[in-house]
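Read through the structure below, which is laid out as C-alpha cells, and then see the notes.
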Amino acid sequence: MTASEATARTSFPEARGRDKGYDKQPVDEFLARARASFERGTDALTSADVRQVAFPLVRHGYAIASVDAALGRIEDAFAARERSSAVAATGAKAWVGQTRDLAQEVLDRLSRPAKRRFDRVSPLRYGYRIAEVDLVTDKLARFLETGDSVTVEQVRAVAFRMQRGGYRETQVDAVLDAVVEVMLAVK
476 MTASEATART SFPEARGRDK GYDKQPVDEF LARARASFER GTDALTSADV RQVAFPLVRH
536 GYAIASVDAA LGRIEDAFAA RERSSAVAAT GAKAWVGQTR DLAQEVLDRL SRPAKRRFDR
596 VSPLRYGYRI AEVDLVTDKL ARFLETGDSV TVEQVRAVAF RMQRGGYRET QVDAVLDAVV
656 EVMLAVK
C-alpha cells in the first residue's frame, strides 16, 4: 500500500461501538474514481452518480455522516462544473428554462392531494411512511413556489420510517433527487 492509499483509508473516522459504517474499500474506490473523473474533466461521473452512490454497511466502516458530508461537497463540485458546461453550450437562458421546467414538473407532483402523491406498495410490503413524506413534500412545494428556506443538505439528509402499504421508495427518492438537482442548478 502506498502512502497516499494509507492516507485515503484514514481520511474518515470509523464508526464506533456497535454502529455500522460504510465499507471502506468501496468508498475509497469510488472517491478515487470521482477524483480522477473530476481532475480529467471527463463525463465518466456526474453529480447524479455521486448523489445516487450507495455503499455496503459493515462494522468498523467509515462513519456515515462524514462520508455523506464529503459526498455532498463532491456532488456540489460536479454540479457546478455541469452547470458551467451547460451554460457555455446552450446559453444561460436555455439552462434556466430547463431548470424551470424540471422545477415545475416536481411541483406538479408535489401539489397532488395528500396521501396520493406517489404510488403505494402492496399492503403486505413496506414503503415510506405516507404522513412523513407528505410533510416533507409540503415543505419542498413551498420552497419551489415561494422560496421558503430549505437547504440542499436538509433534502439530502431526509429519511423516512417505513410502513406497510407506504409510498414506493423509488418514486419518492427520484423526486428528492430532482429537487436537489434544481437546487444545485440555481446555487
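Note that this note's numbering has the sequence shown beginning at 476, numbered continuously upward. All residues carry an ideal CB built from backbone N, CA and C; glycine is no exception. Being a predicted model, the structure only gives us computed values, none of them experimental.
Is D551 near L659, with beta carbons less than 8 Å apart? Yes.
Pick out the complete alpha helix (DSSP H) segments inside the segment 492-544, 4 residues or longer, and give them in chain order. 499-515 and 522-527
Would you check if there are 3 or more beta carbon pairs closer than 8 Å linking the segment 488-495 to the segment 533-553? yes
Would you report the Cα separation of V581 and T565, rounded to the nearest angstrom? 23 Å
Would you mind sorting A632 into buried or exposed? The rule is 16 or more other CB atoms within 10 Å of its CB. exposed
Quick one: using the 10 Å Cβ neighbour count with 16 as the cut-off for buried, is V571 buried or exposed? Residue burial annotation: V571 is exposed, with fewer than 16 other C-beta atoms found within 10 angstroms of its C-beta.
Take D652 and list the residues in its own chain whose beta-carbon comes closer than 8 Å to its own, dropping the five residues that flank it on each side. Sequence-distant partners of D652 (beyond 5 residues in either direction) whose C-beta falls short of 8 Å from its own C-beta, in its chain, are A523, R526 and Q527.
In this structure, what does DSSP give as the bridge partners for G602? Q638
Report the rounded CA-to-CA distance for K614 versus D623, giving the unit in angstroms. 8 Å
For R595, list the residues DSSP reports as bridge partners. Y642
Closest by C-alpha distance to R515, when choosing among D648, Q629 and F553: Comparing alpha-carbon positions, the option among D648, Q629 and F553 lying closest to R515 turns out to be F553.
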